[in-house]
Amino acid sequence: MAANTATEIQPSGRLSPPRFGVLKTLRRRLRAVVVVGLALTTASCQILGDGTSVGTPTAGVLRPSLTNDIGAREHPRVVATYGGVYKDEGAERAVASVVGRLVAASDDPSQSYKITILNSPAINAFALPGGYLYVTRGLLALANDTSEVAAVIAHEMAHVTANHAIKRQQRAEAKQLVGRILSDVVQDSEEARKAIISSQLSFARFSQVQELEADAIGVRTLARAGFDPYAAARFLRSMAALARYQSADKSAAGAPDFLSSHPSTPERLSIAVKVARQIGAPGIGERDRDRYLTQINGMLFGDDPLEGFVRGRSFLHKALGIGFTVPQGYILENSTEAVLASNGDGTAIRFDGADVSGYSSLADYMNSGWINGLLPESVRETTINGLPGVTGAAITQGWSFRIAVVRIGRTGYRFIFASRSPNQAFDDDFRQTVDSFRQLTPTERARLQSLRIKVVKAKAGDTPRKLAIGMSGVEPSRRLEFFSILNDLDPNKAIPAGTAVKLVVD
């Protein structure tokens, strides 16, 4: 949550029932800002993190000669959306070291590329027409060797050489036209609905086929460049494990989304392993773990300081001087516009800020129309840790909401709890969270530091459990699982002496 995002919600932005699947699965970072208008001209491999649709394509047929212009035009917006360019010499060397080899081994060695590391903790990589490739620092933090980074970049290069962005744009325009014809011409609304769903499924599958094609091309390119062809499958497994770790609802983490533009991880894993086996048995090709981890040692991890910090179940913002804690069972996720949380029982939370300086009281603000279905009799002014506040409730379209606004100066800090099945635990969690909101002391603010990657060499007798104890920013009960995922290690096996491993420290 950025320090400068306290803006009033306009009538068009009134609170409405959340898309529960989006709020529940926090590996999808929800951004309230309008993201880049690239949805289908971006060959996006949104792996974890922000999976939000990113715009609507402009009608008209793209000519291949325009690809460089498209990439150059959209590049500044991509950079702005993902927190800017991340500058780190080690990380830059780690990426640059693989590019030349991959280009020479690719299907089109004449294609030039411009690779940017984005300042985002999301696990993401994607390509724009014209050879614009992007990887996030979050992705680099999850990778454990040079071959895994090379696998990601080879996949994105495959999108470029196969012209996937152009093909996706053309297919999207055809789908858009079909949808308009069906809506305007077909009189039977049920038949029209079925036809539109069929069209959506067809387009989603078209995008999935592109992803699988890029996976296969990428693995072959990886092998030709001398890297371990099994790196792609290894990294996919790490991403799947991290997705499960970050999901509050473990039972839903692996559920397929048949309208998703990306295939399920098992399907991608199957393709990656199959293509690698056609090349050779495991153990071939370069991995280069030690050198890679040395290069990312000291890299920023997790939230950018400007957006505040998630520390276990607490959110702390150094610049704003505020903090709060969610109850046991909730998983927090931070974004530029809001802090989100969810548990496995169907409760979703949003925390953000708004300018309340134009209202004589917080009750007036609560009743000003930004909440659909507000129950006027529920609005009550209160005091929360010495700060003026107001609470209320709303019911709309099958959703129940509990809302609290706490005022500091011109800003109203807003908690919005949502559930389809409210019960006493829902109300208790709301009250516990709101009551935990407080202003940080000067000492707390001074001690609050960014998390970074620290690479150490395991000593004889070291185990994942022993080394995980030294991790920061993670609940003690979850450190072992997180350490094991971050380092792609078996939590129950001793670590060979001399093995380089990543810790997250402040």
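Quick note: the sequence shown uses our numbering, first residue 1, plus one each step. A virtual CB, placed ideally from N, CA and C, is assigned to each residue, including glycine. In this text the structure is predicted, and so the values were computed from the model without any measurement.
Requested in this report: Closer than 6 Å by C-beta to Asp145: which residues in its own chain qualify, once you throw out the five before and the five after it? Chain order, please.
Outcome: The residue given as residue 145 occupies position 145 in the sequence shown. Result list for Asp145: Arg287, Asp288, Arg289 and Tyr292, in chain order.
Report task. Would you tell me roughly how many angstroms separate the C-alpha atoms of Lys87 and Ser484, rounded to the nearest one? Result -> The residue labelled residue 87 in the question sits at position 87 within the sequence shown. The residue labelled residue 484 in the question sits at position 484 within the sequence shown. Rounded to the nearest angstrom, the two C-alpha atoms are 27 Å apart.
Query - Length-filtered (4 minimum) alpha helix (DSSP H) runs lying within the region 358-407 - result: Entirely contained in the region 358-407, the alpha helix (DSSP H) runs reaching 4 residues are, in chain order, 362-366.
Requested in this report: Look at Leu451 and Phe351 and say whether their C-beta atoms are less than 9 Å apart.
Outcome: What you label residue 451 is simply residue 451 of the sequence shown in a count that begins at 1. What you label residue 351 is simply residue 351 of the sequence shown in a count that begins at 1. In this structure, Phe351 does not lie closer than 9 Å to Leu451 by Cβ.
Report task. Check Thr325 in the structure and name its three-state DSSP category. Result -> Start at 1 with the first residue of the sequence shown, and residue 325 comes out as number 325. In this structure, Thr325 counts as strand in the three-state DSSP scheme.
Report task. With DSSP as the reference, label Thr221 as helix, strand or coil. Result -> As a working note, residue 221 is residue 221 in the sequence shown. In this structure, Thr221 counts as helix in the three-state DSSP scheme.
Requested in this report: To the nearest angstrom, report how far apart Gly329 and Gln432 are at their CA atoms.
Outcome: Position 329 of the sequence shown, counting from 1, holds the residue named residue 329. Position 432 of the sequence shown, counting from 1, holds the residue named residue 432. Between Gly329 and Gln432, the alpha-carbon positions lie close to 13 Å from each other.
Query raised in the report: On the premise that Glu307 lies in contact with Thr336, defined as a C-beta separation below 8 Å, what is that separation, rounded to the nearest angstrom?
Result: In the sequence shown, residue 336 corresponds to position 336, counting from 1. In the sequence shown, residue 307 corresponds to position 307, counting from 1. The Cβ separation is near 6 Å, so the contact holds.
Requested in this report: Find the nearest neighbour of Arg277 within the set Arg220, Phe235, Ala319 and Met239, judged by alpha-carbon distance.
Outcome: Taking the first residue of the sequence shown as position 1, residue 277 is located at position 277. Sorting Arg220, Phe235, Ala319 and Met239 by C-alpha distance to the C-alpha of Arg277 places Arg220 at the top.
Query raised in the report: Under 9 Å, do Arg126 and His75 count as touching if we go by C-beta distance?
Result: For the purposes of this step, residue 126 is taken as residue 126 along the sequence shown, with counting starting at 1. For the purposes of this step, residue 75 is taken as residue 75 along the sequence shown, with counting starting at 1. It is Phe, not Arg, that sits at residue 126 in the sequence shown. His75 is positioned such that its CB atom lies no closer than 9 Å to that of Phe126.
Query - C-beta contact flag for Val434 and Ala404 at 9 Å - result: As a position in the sequence shown, residue 434 is number 434, starting the count at 1. As a position in the sequence shown, residue 404 is number 404, starting the count at 1. Cβ atoms of Val434 and Ala404: closer than 9 Å.
Requested in this report: Would you kindly report the start and end of the unbroken beta strand (DSSP E) that includes Ser342?
Outcome: Working through the sequence shown from its first residue, we reach residue 342 at position 342. According to the DSSP assignment, Ser342 belongs to the beta strand (DSSP E) that extends over Val339 to Ser342.
Query raised in the report: Is the region 135-143 touching the region 111-122 in the sense that three or more CB pairs, one from each, lie closer than 8 Å?
Result: Per the Cβ contact rule, the region 111-122 is in contact with the region 135-143 (3 or more Cβ pairs under 8 Å).
Query raised in the report: Which of helix, strand or coil does DSSP assign to Ser314?
Result: Numbered from 1 along the sequence shown, position 314 holds the residue referred to as residue 314. Reduced to three states, the DSSP call for Ser314 is strand.
Report task. Please work out which residues of its chain come closer than 8 Å, Cβ to Cβ, to Phe235, disregarding the five sequence neighbours upstream and downstream, and give them in chain order. Result -> For this step, residue 235 is matched to residue 235 along the sequence shown. A distance below 8 Å between beta-carbons, with the five flanking residues on each side excluded, links Phe235 to the following residues of its chain, in chain order: Leu142, Ala143, Glu148, Ala151 and Val152.
Query raised in the report: If we ignore side chains and look at the alpha-carbon of each, how far apart do Arg313 and Arg478 end up?
Result: For the purposes of this step, residue 313 is taken as the residue at position 313 of the sequence shown. For the purposes of this step, residue 478 is taken as the residue at position 478 of the sequence shown. Roughly 11 Å separates the two Cα atoms.
Query raised in the report: Short check: CB of Asn487 to CB of Lys466, under 9 Å?
Result: Counting from one through the sequence shown, the residue named residue 487 turns up at place 487. Counting from one through the sequence shown, the residue named residue 466 turns up at place 466. Result no, Cβ atoms of Asn487 and Lys466 do not sit closer than 9 Å.
Query - Residue interval of the alpha helix (DSSP H) (run including Ala91) - result: On the sequence shown, residue 91 is found 91 positions in, with the first residue counted as 1. If you look at Ala91, you'll find it in the alpha helix (DSSP H) that goes Glu89 to Ala105.
Query raised in the report: By how many angstroms is the C-alpha of Asp490 removed from the C-alpha of Gly386?
Result: As a first step, residue 386 is located in the sequence shown; it is residue number 386 there, counting from the start. As a first step, residue 490 is located in the sequence shown; it is residue number 490 there, counting from the start. Spanning the two alpha carbons is a distance of roughly 48 Å.
Requested in this report: Write down the C-beta distance between Val98 and Tyr113 rounded to the nearest angstrom, noting that I regard them as a contact closer than 8 Å.
Outcome: Looking up residue 98 in the sequence shown gives position 98. Looking up residue 113 in the sequence shown gives position 113. At roughly 11 Å, the Cβ-Cβ gap does not stay under 8 Å, so Val98 and Tyr113 are not in contact.
Query - Rounded separation between Arg224 and Arg438 - CA only - result: The count along the sequence shown starts at 1 and reaches residue 224 at position 224. The count along the sequence shown starts at 1 and reaches residue 438 at position 438. Cα to Cα, Arg224 sits roughly 56 Å from Arg438.
Query raised in the report: Should Leu362 and Arg407 be called a contact, given that it needs their Cβ atoms to be closer than 9 Å?
Result: Taking the sequence shown and counting its residues from 1, the one referred to as residue 362 is at position 362. Taking the sequence shown and counting its residues from 1, the one referred to as residue 407 is at position 407. When the beta-carbon positions are compared, Leu362 and Arg407 come within less than 9 Å of each other.
Query - Start-to-end residues for the beta strand (DSSP E) that takes in Val455 - result: As a first step, residue 455 must be located in the sequence shown, where it is residue number 455. Per DSSP, Val455 belongs to the beta strand (DSSP E) from Leu451 to Lys457.
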